[in-house]
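In our numbering, the protein residues as written are 1 to 914.
To start, the structure itself, in structure tokens.
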């Protein structure tokens, strides 16, 4: 019996094998009747055992290893009962030959004695040689019975020779057999199999096995996103998950023949303290995995948002000021995942000493030859090391110097030095005010080489959070929403890395403007510090921008920044969301928007710094968040604000700008004066201000082509904006906008921007920028045709649109996990000409349509709409006037509009809309 089963309390309350065996012995009938009756009895035992394990898990929600062992114990007993019943009652042998022997082995995780409730049952059937007919019948009968029990079985049946041959040729089979454990059957046959595996497969192949397992781990990490700080992690396969811990055990078992993780200490691969960390992490991760399976009722290893909340409840995490129970649970999860990463480094260092050939190391590239001594540190085969175990404690500034030297000389840090840094990290408390330590830290942060990698090492060792306690508060802190893909510390370090890559010119294609601006800025140090601090006050309750600015005022002088630099950093942290909020939620063609933004920014240098901070902040949120549309909006805002800051009141007036646009457009179109003048007379002045020249040119072509037609629709890819431009030219009538918005949604499109115009002769000219659900343009002919047809059907009132909209599946199915109270903000100061209304709500397909319908009911005119999404949250902004073209100022009317919009945002069904 495995040691884990021996420590399992009250095993018979999970399953009493003797009682079930007696019940099986009492069964009577022919073979078919016996088989069916036995399966029913075993199913009852399986369900009762699972229920008991589940009850214990609820009662002791953090005993993960106990729950995993209980599940494996239950399967063991069922297999033994099934085997005995099959060979004694269904296919008895009175005088078996030496060839008619079977041994059943548990392999993989089941072999280790660990299973989640719905894990695969990985079993192997071994025979001495070629399978005789009797063995085939037994194995087949047992497999059918296991499937009838509802178990997912991973099985193999091999002779001993086949086992050896396949284990030699396939590392996956070798790994599974490495953990093979005797379950039942012929004990002597199992002993022979174990001996042959050790002698013929395992001997003298440890080095290759280790290299294969590390390569396999790297491939898995890359597939899972290559970071342990993804906010919906896979508990089994992600970086820092159970498979990483299992990989350490497999390697230890293969190289040192350990049978239990605790024996890794005796083998010298882990210290006692590190084994305790290993055990704690493994126990917690198993608890989470068992809860995942229990709640889902199936094999589910991804810790999704909807399950995070429930598991946090089950594991008895509580809310704290500024931090919900689910955020506290996930922070603890990420800290355990980090432990797995730390242990991997230490473990590999020990293996390296024993197995690595000269100049090569496991999983690590060969580096150029380096000096042997650096400020008392040593360099061992290209890695920065410490001469003795007490080296850092003798002079705690060396804790920071270790990372500064690694950065300066392009060296990796030896895992044993990382282990010492992690152990001595608390000494960083004593050097926080040390000028040398702060100067070294600032050198790493603002390094012209690779600050991201070295800061990540510093964070993994726990030194970063100790030296900068405010940063320590956000280590492993997740943000419970669908927008942020990473924990706060990982997001911050990635943002610093992106800034460094832009500075090196590596992202010039994506960020041509930022690449140029980084060469022009004066306050380089302030920018890097601002990126470090922009989210540092998250999770404290209150506005993290305001609280972060207070941290900056306190921390920057300590780091050695001048008063002017400190002021710049504090301002950038305080207003780091200003530029994105203005660009994505406001109308940039409204000059008041630009003036208000420029007044807040006040200087061209701040504007440059703010753009750079905004870009790396958005890009570091996660893959797919940054796109061409956001780049265009931020560039437009930068250029408009830069002109205001540079020229002040000397800039062109509204009339001059319109005249310049019209002159450029006439040259572009090549129309004669009469034709062009006719177009100018038809289009109102606000149109010329709001639309860029390339859109006006496309609109002019559509108008000319339409002639006297009452409806004309154009849909064409607009690569500069990363979207599809949909233009509807139609006879104007009330409710046109909400119908078009609904039609675009029915066709599978997301509107990101809309501008609504009416010509002087009563035609509507509406421009929509549309993307697919993945943030890409509609560019296939069939998609564009579907879009046009949907709009035609909506305007012709064909079919009940609201039913089709409500039938569409939500774009983010797990958004229901988040409580978002609808909110309506009315602002009459943001624009001189329009009432600006911003609505925050949970994103869904029919949202814009319902909001636009509420505004139609309120008898207002929509001039433009701007849509921004942040994961599960949508922010829709409308620029409105009343039907006479004036701002809406009556308090009672604004209250009515607010009430209608709140109802629409909450999803109240439209009853009188087509």
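All C-beta atoms in this analysis are idealised placements derived from N, C-alpha and C, irrespective of residue type, glycine included.
query: N-terminal and C-terminal residue of the alpha helix (DSSP H) that residue 45 is part of; result: 31 to 59
query: Through-space distance from residue 522 to residue 598, alpha-carbon basis; result: 19 Å
query: Given 8 Å, three or more beta-carbon pairs between the segment 600 to 614 and the segment 545 to 561; result: no
query: Per-residue burial, residue 734 [other beta carbons within 10 Å of its own, 16 or more giving buried]; result: exposed
query: Start-end ranges of the beta strand (DSSP E) lying completely within the segment 173 to 232, minimum 3 residues; result: 181 to 185
query: Residue 470 in three-state terms, based on DSSP; result: helix
query: Exposed unless 16 or more other CB atoms sit within 10 angstroms - verdict on residue 489; result: buried
query: Endpoints, alpha helix (DSSP H) assigned at residue 313; result: 305 to 314
query: Nearest neighbour of residue 122, chosen from 75, 320, 868 [CA to CA]; result: 75
query: Residue 360 (DSSP reduced to helix, strand or coil); result: The predicted position of residue 360 is uncertain, since its pLDDT is 49 and thus under 50; a value taken from the coordinates is nonetheless stated next. In the structure shown, residue 360 sits in coil (DSSP, three-state: anything other than H, G, I, E or B).
query: Beta-carbon proximity of residue 427 to residue 404, cut-off 8 Å; result: no
query: Other residues of its chain near residue 793: CB distance less than 6 Å, five sequence neighbours each side excluded; result: none
query: Contact the segment 842 to 862 vs the segment 737 to 749: 3+ CB pairs below 8 Å; result: yes
query: Distance, residue 303 Cα to residue 905 Cα; result: 29 Å
query: Length of the line joining the Cα atoms of residue 416 and residue 346; result: 6 Å
query: Continuous alpha helix (DSSP H) stretch holding residue 828: start and end; result: First-last for residue 828: undefined, no H or E at that position.
query: Straight-line gap, residue 311 to residue 569 (C-alpha atoms, nearest Å); result: 39 Å
query: Contact set for residue 768: own chain, Cβ-Cβ below 6 Å, skip 5 residues either direction; result: 726, 751, 754
query: Residue 195 versus residue 113: straight-line alpha-carbon distance, rounded; result: 21 Å
query: Start-to-end residues for the beta strand (DSSP E) that takes in residue 475; result: Element bounds for residue 475: n/a, residue is neither H nor E.
query: According to DSSP, residues forming a beta bridge with residue 865; result: 754, 878
query: Unbroken beta strand (DSSP E) run spanning residue 154, endpoints; result: 153 to 159
query: Residue 460: first and last residue of the uninterrupted beta strand (DSSP E) it sits in; result: No beta strand (DSSP E) contains residue 460, which is instead part of the alpha helix (DSSP H) from 451 to 460.
query: Start-end ranges of the beta strand (DSSP E) lying completely within the segment 605 to 636, minimum 3 residues; result: none
query: Between the CA atoms of residue 612 and residue 736 - distance to the nearest angstrom; result: 40 Å
query: Residue(s) in a DSSP beta bridge with residue 124; result: 105, 156
query: Rounded straight-line distance, which links the Cα of residue 279 to that of residue 902; result: 51 Å
query: Cβ-based neighbour list, residue 539, same chain, cut-off 8 Å, excluding 5 preceding and 5 following; result: 322, 323, 327, 473, 474, 477, 488
query: Minimum Cβ-Cβ distance from residue 257 to chain D less than 8 Å; result: Protein chains in the displayed structure number just one, and chain D is not present.
query: Cβ-Cβ separation, residue 592 to residue 832 (assumed contact under 8 Å), whole Å; result: 5 Å
query: Contact between the segment 162 to 176 and the segment 189 to 207 (3+ Cβ pairs under 8 Å); result: yes
query: C-beta atoms of residue 245 and residue 282 nearer than 8 Å; result: yes
query: Residue 923 burial status per 10 Å Cβ neighbour count (16 or more: buried); result: No answer is possible for residue 923: the residues shown for the chain start at 1 and end at 914.
query: Coil, strand or helix - residue 166 by DSSP; result: helix
query: Local conformation of residue 131 per DSSP, three classes; result: coil
query: Stretch-stretch touch, CB-based, cutoff 8 Å, three pairs: the segment 104 to 112 with the segment 45 to 62; result: no
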